[in-house]
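Participant: Okay, handing you the structure first.
Protein chains: 2
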Amino acid sequence: MFSQEVYIARRATLKSNLKKGVLLFPGNGESGMNCKDNWYPFRQDSTFLYYTGINIPDVYFVIDIENDEEILFGNNPTPEEIVWIGAVTPLEELAAKAGIKTVRPLKELASYVQKAQQREAVHYLPPYRPATVVQICQFLNIPVSEVEKKCSVPFIKAVVAQREIKEAIEVEQIHKAVNTTAAMHTYAMQNAVAGKTEKEIAGDLQAIAIGGGGNISFPIILTTNGQYLHNHATENKIKNGNLVLCDCGAETSMGYAGDMTRTFPSAARFTDLQKEVYNIVLYAHNSAIETLEPGVRFKDVHLLAASKLVEGLKGMGLMKGNTDEAVHAGAHTLFFQCGLGHMMGLDVHDMENLGEPYVGYTDSLEKSTVFGLKSLRLGKELQEGFVITVEPGIYFNPFLIDAWKAQNKYADFVNYAAVEKFKDFGGIRIEEDFLITKNGSKLLGNPLAKTVDDVEALKNAI
Amino acid sequence: MFSQEVYIARRATLKSNLKKGVLLFPGNGESGMNCKDNWYPFRQDSTFLYYTGINIPDVYFVIDIENDEEILFGNNPTPEEIVWIGAVTPLEELAAKAGIKTVRPLKELASYVQKAQQREAVHYLPPYRPATVVQICQFLNIPVSEVEKKCSVPFIKAVVAQREIKEAIEVEQIHKAVNTTAAMHTYAMQNAVAGKTEKEIAGDLQAIAIGGGGNISFPIILTTNGQYLHNHATENKIKNGNLVLCDCGAETSMGYAGDMTRTFPSAARFTDLQKEVYNIVLYAHNSAIETLEPGVRFKDVHLLAASKLVEGLKGMGLMKGNTDEAVHAGAHTLFFQCGLGHMMGLDVHDMENLGEPYVGYTDSLEKSTVFGLKSLRLGKELQEGFVITVEPGIYFNPFLIDAWKAQNKYADFVNYAAVEKFKDFGGIRIEEDFLITKNGSKLLGNPLAKTVDDVEALKNAI
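One line per chain: the protein sequences are A and B, in this order.
Start counting at 1 in the first sequence, then tack on 13, and there's your number in my numbering.
Start counting at 1 in the second sequence, then tack on 13, and there's your number in my numbering.
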């Protein structure tokens, strides 16, 4: 936990922004895999962590703004439970560390909330776990199907406005997470060689994340099929000559995430063709980074990166025509189907559960619905204190190539005859994490090999 | 997946046992950690796996016994989804591999079930994930609070009667899981030394499980506080002289579990005192194994192990009086608070979600409610084909020692003055997995070092 003052100050800001209402913060419970009591690793709700730092299951926190009340609801273990689990920090002590003065048993929560509901609005954020949906339905007497709809937009906006600006102590945590993430990548580059299965390497990467005190921040992508964006490690054996795309991240024991991608050859060196595509992605990556600063719309950075990719693809004879027109038309999305990056913090896609319209966009800048831009999670103007990822890529997706070739889609900009030969090339992505500073941006984590030469040198260092 | 015939035969047996009704098998969905789409590793429901072998999220299976209908409900990915995930096996092909002839879109499930409900009973097993509770509540129009109560006891009993008798192909899978589990233990014995954190070792163990093609079968216990039974790996550093208790297991890619425990010194050798307690547990362990055979009540094996522990503790001057009377009174539960073992199969605590009254006990043998026996998950007579764990232990639990000493509880059997000196000793457990055979039992997995000498030799082999 951070110091008491941190949590008190965060809550004070939230209360002064919202001015009235009762705020309900459901902590997460344990989550069963194949029965109730065989659990996945516990993960606290990030907003709960942000305002309380209390990282245990089955607690709720409530703020009654007008009555200036803050209550942690939960149960201390019984003496018999302590026999099974050993000594635990009492809730009163955890609450005190967070500057929360009142602790009450969990069984009083429902009646407390129902009483509060009679006099004023009870606000809650969009629940994402079915267990929380069921609890809210029971506490607030709302049908299950209404729970999501009735979440509080003012509460969402107030939380986003706070959490999106990272404090120095948070940046330190993220720096630490990114360094563990970089250690995972170093291991992957040096060990993901022909004969190993993707899962073997993914398991080793998770071990590094756990050894760092936390866990993985999202399911590891370690794949020789990097052209598919949502592809996880399988029992496939890596073959010589494969490109390996590794997109992974660690989170610290406090829950702060790292998220990086490297793409490298399973062999000792990139082939000339792999190198050529890699350098296009790297050029787009570096070009995007140079433009990062407060006031810049990330959607524009995304489009800039897209235009750099198009320039490179034109150089290779895979695209043609006017670059700006190609990007405007969306022709680059044959190769770059997704967004350039996203917010990062206590969640790898920070505050994803609060909704992209609030986290990545604004009332005046709505998210596009067209292919490509609809997958851009962050579009709005950058502010000092944002932490974001920058992750351009080129993905030769055979399904998309076949489908669009059949439609002759973007024929003015795409040389399908040339593209056809890349259907088994794979995909390349390069991703790093940045803090937006007063005048630009700062790389988070210590630098990790990124150029072709540096990646090859690191790969072959053992 | 096993061959088509396996699943067809399993379902035929189930149908002939139940004779009528509509059986609902909810497959599990993805489970979000800190938002809906940041997932824990997918784990299919074990009963779903048992009857279909289909290991993907978001499918339901229904059997209408009287109409001789078997339907897999689910959705194939859209062409756009295939762009993101790559080629997947179509549901029709998966269904065919399981011998299921009909596939229908998920959106038709609710109306199918509601129509069926009008003519006859729709049976379902106790749901353990809140998402499944919500789905059943919506499909069958039952209030959330009623869903658990209305599950089908005949369906539970029929499933238990089948799943508790392991087929040869299942035993092979468990053997494989146990061997991966043994590899985890070998690593732990050789690497859990002073200076490492518990979590570092636990992460490495998980990597071995994942590298085996599946994952961990339950949260890893890797602790220097083995006296607390529900204690997971922490960021504590292991110290020289500590006893390390490692209780972990892998599951295969098909979902079959292993579950073993070893306790070993962080130093090169056990101390004389550690050795003395270890040998008592080992004696109880071996004595219990010798009695395993069909027809023996596991509750009696548990009590036999308890009496062997008491004999040993008497030899050390920690207990006194008549052994049988001590066990009958429950005095051994100061040191052995839990049960001797449990069923194992597609779940580490096999079929735990179906309820211990059905899995571990019978209509005529109810589970005891007294301290100690109430934690014995398996009490009933063993049958050929059962797979069970045997895991006696001695746990010097300071909270329990203090509490019972203050009450002078079991004063006729416990030498509290002597026990007092063991409050910082820790705990020792030895656990292996056995198949009940026609005439006895068979150890699953290749033998792993278990005696003091063998554990020390394996520890120091690197």
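Just so you know, even glycine gets a beta-carbon here, dropped at the ideal spot from N, CA and C.
Does the contact criterion of 3 or more C-beta pairs under 8 Å hold for the segment 390 to 410 of chain B versus the segment 432 to 452 of chain B?
Facilitator: Taking 8 Å as the limit for Cβ pairs, the verdict is that the segment 432 to 452 of chain B does touch the segment 390 to 410 of chain B.
Participant: Looking only at its chain, what residues have a beta carbon closer than 6 Å to the beta carbon of A123 of chain B, apart from the 5 residues adjacent to it on each side?
Facilitator: Excluding positions up to five away in sequence, the list reads F152.
Participant: If you reduce the DSSP assignment to three classes, tell me which class R390 of chain B lands in.
Facilitator: Three-state result, R390 of chain B: coil.
Participant: Considering only the alpha carbon of each residue, which of A:V75, A:L389, A:F384 lies closest to K422 of chain A?
Facilitator: Of the candidates A:V75, A:L389, A:F384, the one whose C-alpha sits nearest the C-alpha of K422 of chain A is A:F384.
Participant: Between which residues of its own chain and A195 of chain B is the CB-CB distance below 6 Å, once the five residues before and five after are set aside?
Facilitator: Result list for A195 of chain B: G458, L461, in chain order.
Participant: Evaluate K212 of chain B with the Cβ neighbour count: other Cβ atoms within 10 Å of its Cβ, from every protein chain shown; 16 or more gives buried, anything less gives exposed.
Facilitator: Buried, because 16 or more other Cβ atoms sit within 10 Å of the Cβ of K212 of chain B.
Participant: Check for me: the alpha helix (DSSP H) holding A170 of chain B runs from which residue to which?
Facilitator: One detail in the question is off: residue 170 of chain B reads as Lys in this sequence, not Ala. Where K170 of chain B is concerned, the enclosing alpha helix (DSSP H) stretches over 166 to 176.
Participant: Using C-beta distances below 6 Å, list every residue in its chain close to N410 of chain A, excluding the 5 sequence neighbours before and after it, in chain order.
Facilitator: Only Q240 meet the Cβ criterion.
Participant: Per DSSP, F74 of chain B is paired with what?
Facilitator: Note: F74 of chain B sits in a beta bridge opposite B:F38, B:L85.
Participant: Across the segment 368 to 376 of chain B and the segment 322 to 342 of chain B, are there enough close Cβ pairs to call them in contact, namely three or more that are closer than 8 Å?
Facilitator: No: the two stretches stay apart, fewer than three of their Cβ pairs being nearer than 8 Å.
Participant: Rounded to a whole number of angstroms, what is the C-alpha to C-alpha distance between K434 of chain B and D467 of chain B?
Facilitator: Using only the alpha carbons, I get a separation of about 28 Å.
Participant: Please name the residue, chosen from B:L413, B:T464, B:T276, that lies closest to E94 of chain A on a Cα-to-Cα basis.
Facilitator: Nearest option by C-alpha distance: B:L413.
Participant: Any contact of the segment 345 to 357 of chain A with the segment 303 to 316 of chain A, i.e. 3+ C-beta pairs under 8 Å?
Facilitator: Touching, per the Cβ criterion.
Participant: Check whether chain A comes within 7 Å of C48 of chain B, counting only Cβ atoms and requiring the distance to be less than that.
Facilitator: Yes, C48 of chain B counts as interfacial toward chain A.
Participant: Determine, using beta-carbon pairs with one atom in the segment 158 to 170 of chain A and one in the segment 143 to 150 of chain A, whether at least three such pairs fall under 8 Å.
Facilitator: Cβ pair count under 8 Å is three or more, so yes.
Participant: Can you tell me which of the three DSSP states Y137 of chain A falls into?
Facilitator: Here Y137 of chain A sits in strand by DSSP.
Participant: Verify the CB distance criterion: does Y53 of chain A have a CB-CB separation below 7 Å to chain B?
Facilitator: Y53 of chain A counts as touching chain B.
Participant: In whole angstroms, what separates the C-alpha of N41 of chain A from that of P70 of chain A?
Facilitator: Distance between the alpha carbons of N41 of chain A and P70 of chain A: 6 Å.
Participant: Between the segment 131 to 142 of chain B and the segment 95 to 107 of chain B, do three or more beta carbon pairs fall short of 8 Å?
Facilitator: In short, these stretches do not touch, since the Cβ pair count stays below three.
Participant: Go ahead and label L218 of chain B buried or exposed: buried means 16 or more other beta carbons lie within 10 angstroms of its beta carbon, across all protein chains shown.
Facilitator: Buried is the call here.
Participant: Less than 7 Å between CB atoms is the rule here; does F412 of chain A satisfy it with respect to chain B?
Facilitator: True, the Cβ-Cβ gap to chain B drops below 7 Å.
Participant: Starting from the beta carbon of Y291 of chain A, find every residue of chain B whose beta carbon is closer than 8 Å, and list them in chain order.
Facilitator: What Y291 of chain A touches in chain B: nothing, since even the nearest Cβ is about 21 Å away.
Participant: For E397 of chain B versus K472 of chain B, is the C-beta distance shorter than 7 Å?
Facilitator: Contact flag unset, no.
Participant: Rounded C-beta distance between C259 of chain B and A201 of chain B? I'm assuming under 8 Å.
Facilitator: Right, the Cβ-Cβ distance comes to about 4 Å (below 8 Å), so this counts as a contact.
Participant: So what's D446 of chain A in DSSP terms, helix, strand or just coil?
Facilitator: D446 of chain A falls in the strand class under three-state DSSP.
Participant: Using a Cβ-Cβ cutoff of 7 Å, what residues of the segment 227 to 245 of chain A are near chain B? List them in chain order.
Facilitator: Listed in sequence order: F231, P232, N238, Y241, L242, H243, N244.
Participant: Use the C-beta contact count for S29 of chain A: other C-beta atoms within 10 angstroms, 16 or more gives buried, fewer gives exposed.
Facilitator: Classification for S29 of chain A: exposed.
Participant: Threshold first: 4 residues or longer. Then list the alpha helix (DSSP H) segments lying entirely within the segment 201 to 236 of chain B, N to C.
Facilitator: Runs of the alpha helix (DSSP H) inside the segment 201 to 236 of chain B: 211 to 224.
Participant: In terms of residues, what are the limits of the alpha helix (DSSP H) holding P370 of chain B?
Facilitator: Counting along the chain, the alpha helix (DSSP H) containing P370 of chain B begins and ends at 369 to 372.
Participant: Do three or more CB pairs link the segment 377 to 395 of chain A to the segment 223 to 240 of chain A at distances below 8 Å?
Facilitator: Touching, no, given that fewer than three Cβ pairs across the two stretches are closer than 8 Å.
Participant: Grab me the residues of K463 of chain B's own chain with a C-beta within less than 6 Å of its C-beta, minus the 5 sequence neighbours each way, in chain order.
Facilitator: Excluding positions up to five away in sequence, the list is empty.
Participant: Compare the C-beta of Y141 of chain B against all C-beta atoms of chain A and say whether one is closer than 7 Å.
Facilitator: Yes, contact with chain A.
Participant: Starting from the C-beta of L62 of chain A, find all residues in its chain whose C-beta is less than 8 Å away, skip the five residues before and the five after it, and write them out in chain order.
Facilitator: Excluding positions up to five away in sequence, the list reads N68, M267, G268, L359.
Participant: Just reading off the alpha helix (DSSP H) that V309 of chain B is part of, what are its end residues?
Facilitator: Premise fails: V309 of chain B is in no alpha helix (DSSP H) and is neither H nor E.
Participant: Rounded to the nearest angstrom, what separates K418 of chain B and Y429 of chain B at their Cα positions?
Facilitator: Cα-Cα distance, rounded: 6 Å.
Participant: Determine whether the Cβ of R6 of chain A lies closer than 7 Å to any Cβ atom of chain B.
Facilitator: Outside the shown range of chain A, which is 14 to 475, sits residue 6 of chain A, and nothing can be said about it.
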